[in-house]
Amino acid sequence: MRQDRIGFLFITPAVFAVVVFYLVPVLMTAVIAFTDMSTATGIRGGDYVLTESSLRKLDDASLPADTVAQLAEGGFVVDADGLAGIEAQFGAALTTRIATALLDEKFDNRREIERALNDLRAPELRITRDRKAAAALFQRSVLNTRHDTPESLRAALSVADIPLADHDQIVQAAYTGWSWTTRNFELLVSLPSTLRYALNTLMYVSVTLVVFNIGLGLFLAISTFYLPERTSATFRAIWFMPRILPPVLYVLMWKWMMLDSGFIASVLAPLGVARINWMMETEVHAWVAVILINGVVGASFGMIIFASAIKAIPQTMLMAAEVDGASRWQQVRFIILPQMRWPILFVTAYQTLSLLASFEYILLSTGGGPGSATEVWAMAAFRTALNNYGGNLQYGMGATFALVLVLIGTALSLIYLRFFNFQALLSKPRIER
Amino acid sequence: MKRFLTATALCGTLSGAAAAQTYEITVWSGGSGEADSYRWEAIEMAADILEREAAIRGKELSITVDYKFDFGGWAEFKQAVTLAAEAGEAPEIVVTSHLDIAPWAQAGYIVPVEDYLDLDAWPLSDVYPNLMEIASVGGVQWGVPQDSESRPFFFWRDHMRAIGYSDAEIDALPEAVQKGEYTLKNVLQDAGRAVEMGLVEKGMGFYPRVSNGPDYAQFYQSFGGEMYDAATGKLVLDRAAMTEFYQFFVDAVEAGITSRTHIGTDWNEWYADVANGRAAMWHGGTWHYGRYQREGNEDFFGTIAFTLIPAGGNEGGRANTITHPLVYLITDQGDDDVQNIAAQLVEIATEPRINSLHAIQSSHLAVSKSQSSVPLYAQNPWANAATSVLLPYANSQPNHPDFGAYAEAMWSGLESAWTGTQTPENAVAELEAELTAVLGDNLIVR
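Keeping their order, the protein sequence lines are chains W and P.
For reference, each letter of the first sequence is one residue, going -16 to 416 in the numbering used here.
For reference, each letter of the second sequence is one residue, going 2 to 447 in the numbering used here.
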């Protein structure tokens, strides 16, 4: 019992980290994915303000034309209420002056009434700010005034004599914040670009993973295993270098190699090969570049894991095989590979997830091009949620992209565990049963 | 970084008998480099003037201006502003694209300048009305134009001469383009000839911008496309114009005058190429004038001719140019007094003499009419020429919250047509499907 408690104590930091760095972000992503949150709606929730565009929406949404007209008009009216306000704020002299010159006058907008007040040349209104305060007292239009709460807007609507029956619809159209919706998921299913991102991601992850992260990683680990210790260590260190280079520099070197003024083009030019951009000429070029750039970095991870796993295989087994006359290939096939199931599972699962979520090398090299041919899912999420020329970032839609990625990642992990028979790996040795 | 973290709120303190008002105003400036220093230095100058004016009125006013401009890029800047605004720590004044007004106004990050400033009084009454319009949304004046620019089409004079144009004909190009006599069809022909004659390398006959930007919408407009319908307040997708616009770039690639892999070319390389005659024709911005000089071109007017972006040469096409002014916006931070002071500073910074410092230092154009009487501006050959040839014909991209999505989709369609991954027709069909799904009722398809 007590030991159990100590056990819990030991895993507390890990649980804490998982909750803070994984569960909470994932939950937030899931929540945001069901909203239409964007820069325009803000994050914290909205206010209520009737603008020209919300009026148009109301007009389209069949709010009675009379009400729409009533909302659009209003403007500024020099009436008794307004004059009472002036008297309280500026005194009787100004009130008389305004009443004499402007009583019952209507103005379409604020600029016009401010002009009229300015023309009075009243000493109380010489300063712009005072003139604006005076003009505000005559505002009868409900347009362009921000209200913190729906009640406040409803009150303003009542004052403006807008029919009570229309208030609900108006308040809804005036809301500036985000609301709950499943539209992001509908869009995801219906947009032609989504399928392309999905196929691109499938291609990117599977080819890079199988050929480089696992295939080349295994090949390097096994081939260096049979080399003398010092040589193999040097060789592995060289393969490890791309991983410790900053991505920007690493990709820059690839660009120097592949651009039309780069190394490959320059070497081939004397042979009569036209100078082309080897990274971007066609979709095939771009894909080869993207997979090579990621694969060369990815292979080193598998190489290190696999190499140390091979070292853990008892030497005696290999020696016995050698004595029995097994070839190198037979040693690899029947001794090394069968004992590598666990590291291969680990590298496969780990690298699948990191490839799914990574796009920095693609962003830096092809930028998703040519023509979004190499744009992957994670990059689409980034672009949608965090990078938009017009400035209106689509947080909700971006979160939906990201959520799908989380779900696919989780599903794949479960499948891998099943496929590699994880249960058997963790079961007690037969001798202990 | 420290500046970034400093609390930017005001401290309106009362000390002793005299009320000395102290304000801390922070300015964040997007898309800016050292050459754009007057975006915040103008506010510093304005603070000095406002303090002096207060002193004459017998009031003690103290304003400290803090600034930040090194954000990395537009995306980082916009993220920084929105996140700071959400956290209630935004700077008081922001210099940014006019396109940000619509989303930021809806989100409540900014307050209208018309709440504080008299638009009928100098200097705002002197600002070009079309620029004031660009800084407004839904009839509300949210911002004040900080600078203006325009995006011309450039010709390398020597190459034009070599393919048979006389000096007089080259000088007459601005007019020919404006009247629609010289169109993008001529561009294809002449750039093709420059490549054939070996004046420029293959792919450098027409050498466009290397990344997404307002520039590309100009070519859509060249073919008669419109982005916005003012009557309904909706965005517009003109299928025919969009297809022809995509087709133009496909034709340019097929003719060998533009490279299929041009997108993503290094900007530094691009500037060096166009400033030194390695391209026959290209398009850029008025601010390129300064950059070309830094790239070693000492005789701009002797080597380069500039015009509006030519019309497409189809029915309904028109020569045009887009201006993408930056604007001063006042954020909804602190109390009304702070916003009032911030607005006053912006107003003073817009005065012709002060704004001209920025215009000339950064090769931008004026925001107000009387700047043409400010000697510094009037005597600058580029500002003078560009203002008269380009600015009267400039329009802007619409201030619509969904315009970002529209522009991104338009660009990715162009990219796929240009690089040959889709035909222009298919790219436009996909663009239409995408925009119809995303924008719904906010889009008119023609």
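Idealized CB from N, CA, C, for every residue including glycine.
Bear in mind that the values here come from a model prediction, so they are computed numbers and not experimental data.
Cβ neighbours of residue i in the same chain (closer than 7 Å, five flanking residues each side left out)
{"i": "residue 327/W", "result": "197"}
{"i": "residue 104/P", "result": "402"}
{"i": "residue 180/W", "result": "358, 359, 360 and 363"}
{"i": "residue 345/P", "result": "51"}
{"i": "residue 314/W", "result": "301 and 304"}
Supposed contact pair residue j and residue i - C-beta distance, whole angstroms, cut 8 Å
{"i": "residue 156/W", "j": "residue 41/W", "result": "5 Å"}
{"i": "residue 94/P", "j": "residue 360/P", "result": "At roughly 19 Å, the Cβ-Cβ gap does not stay under 8 Å, so residue 94/P and residue 360/P are not in contact."}
{"i": "residue 354/W", "j": "residue 417/P", "result": "3 Å"}
{"i": "residue 428/P", "j": "residue 247/P", "result": "6 Å"}
{"i": "residue 226/P", "j": "residue 243/P", "result": "6 Å"}
{"i": "residue 472/P", "j": "residue 194/P", "result": "The structure shown does not extend to residue 472/P, since chain P is modelled only from 2 to 447, so the question has no answer here."}
{"i": "residue 46/W", "j": "residue 149/W", "result": "6 Å"}
{"i": "residue 184/W", "j": "residue 272/W", "result": "About 17 Å; that fails the 8 Å criterion."}
{"i": "residue 191/W", "j": "residue 274/W", "result": "5 Å"}
{"i": "residue 153/P", "j": "residue 391/P", "result": "6 Å"}
{"i": "residue 296/W", "j": "residue 319/W", "result": "6 Å"}
Sequence-distant residues of its chain with Cβ nearer than 6 Å to residue i (five each side left out)
{"i": "residue 292/P", "result": "272"}
{"i": "residue 352/P", "result": "124"}
{"i": "residue 24/W", "result": "160 and 161"}
{"i": "residue 445/P", "result": "230, 235 and 237"}
{"i": "residue 385/W", "result": "12 and 364"}
{"i": "residue 358/P", "result": "39"}
{"i": "residue 334/P", "result": "91 and 93"}
{"i": "residue 283/W", "result": "222, 223 and 226"}
{"i": "residue 129/W", "result": "30 and 32"}
9 Å Cβ cutoff, residue i in contact with chain A
{"i": "residue 326/P", "result": "This model lacks chain A altogether; the protein chains it does include are W and P."}
Beta-ladder partner(s) of residue i, from DSSP
{"i": "residue 373/P", "result": "Residue 373/P is not bridged to any residue."}
{"i": "residue 61/P", "result": "21/P"}
{"i": "residue 69/P", "result": "29/P"}
{"i": "residue 326/P", "result": "Its beta-bridge partners do not exist; DSSP assigns none."}
{"i": "residue 31/W", "result": "130/W and 158/W"}
{"i": "residue 283/P", "result": "155/P and 208/P"}
{"i": "residue 146/P", "result": "328/P"}
{"i": "residue 137/P", "result": "142/P"}
{"i": "residue 59/W", "result": "90/W and 122/W"}
{"i": "residue 444/P", "result": "236/P"}
{"i": "residue 456/P", "result": "Limits of chain P in this structure are 2 at one end and 447 at the other, which puts residue 456/P out of reach."}
{"i": "residue 395/P", "result": "322/P"}
{"i": "residue 18/W", "result": "163/W"}
{"i": "residue 259/P", "result": "205/P"}
Nonlocal neighbours in the same chain, by C-beta distance under 8 Å from residue i, ignoring five residues either side
{"i": "residue 207/P", "result": "188, 189, 192, 253, 258, 259, 280, 281, 282 and 283"}
{"i": "residue 135/P", "result": "99, 146, 324, 326, 328, 397 and 400"}
{"i": "residue 277/P", "result": "296, 297 and 298"}
{"i": "residue 355/P", "result": "39, 43, 46, 47 and 349"}
{"i": "residue 145/W", "result": "50, 53, 54, 125 and 153"}
{"i": "residue 388/P", "result": "366, 367 and 373"}
Check: residue i C-beta below 8 Å from any heavy atom of the ligand GDP
{"i": "residue 279/W", "result": "As for the ligand GDP, it is missing from this structure, which has no ligand bound."}
Which residues, in order along the region 78 to 96 of chain P, keep a beta-carbon less than 7 Å from a beta-carbon of chain W? 79, 80, 83 and 87
Enumerated in chain order, which unbroken segments of the alpha helix (DSSP H) with a length of 4 residues or greater are wholly contained in the region 286 to 321 of chain W? 298 to 306 and 311 to 314
Which residues, taken in chain order from the region 423 to 439 of chain P, show a beta carbon closer than 9 Å to some beta carbon of chain W? 423, 428, 430, 431, 434, 435, 438 and 439
Pull out every residue of the region 31 to 61 of chain W whose Cβ sits closer than 7 Å to any Cβ of chain P, in chain order. 34, 35, 36, 39 and 43
Tell me the start and end of each unbroken alpha helix (DSSP H) in the region 190 to 243 of chain P that is at least 4 residues and wholly inside, in chain order. 216 to 223
Using a beta-carbon distance cut-off of less than 8 Å, what residues from the region 367 to 385 of chain W approach chain P? 369, 370, 371, 372, 373, 374, 375, 376 and 377
Relative to chain W, which residues along the region 305 to 336 of chain P have a C-beta separation below 7 Å, given in chain order? none
Under 8 Å (Cβ pairs) to chain W, residues found in the region 260 to 279 of chain P: 260, 261, 262, 264 and 265
Sequence ranges, beta strand (DSSP E) only - wholly within the region 81 to 133 of chain P, length at least 3: 94 to 98
Continuous alpha helix (DSSP H) assignments of at least 4 residues falling wholly in the region 85 to 119 of chain W: 93 to 102 and 111 to 119
Any residues in the region 347 to 366 of chain W with a beta carbon nearer than 9 Å to a beta carbon of chain P? Which ones, in chain order? 349, 350, 351, 352, 353, 354, 355, 356, 358 and 366
Looking at chain W, which residues of the region 134 to 168 of chain P have a Cβ within less than 7 Å of any of its Cβ atoms? 139, 140 and 141
Pick out the complete alpha helix (DSSP H) segments inside the region 340 to 364 of chain W, 4 residues or longer, and give them in chain order. 343 to 348
If the cut-off is 8 Å on Cβ atoms, which residues from the region 227 to 255 of chain P count as contacting chain W, listed in chain order? 233 and 234
Members of the region 397 to 408 of chain P near chain W, C-beta cut-off 9 Å: 398, 401, 402, 403, 404, 405, 406, 407 and 408
Report the start-end ranges of each alpha helix (DSSP H) in the region 137 to 194 of chain W that is 4 residues or longer and not cut off at the edges. 150 to 157, 166 to 173 and 175 to 190
Contact residues within the region 106 to 133 of chain W, judged by C-beta distance below 8 Å to chain P: 111, 112, 114, 115, 127 and 129
What are the residues in the region 2 to 29 of chain W lying within 9 Å of chain P by C-beta distance? 21, 22, 23, 24, 25, 26, 27 and 29
Determine which residues of the region 244 to 262 of chain W have a Cβ less than 7 Å from any Cβ of chain P, and write them out in chain order. 260
Using a Cβ cut-off of 8 Å, which residues of the region 158 to 185 of chain W contact any Cβ in chain P, in chain order? 159, 170, 173, 174, 175 and 176
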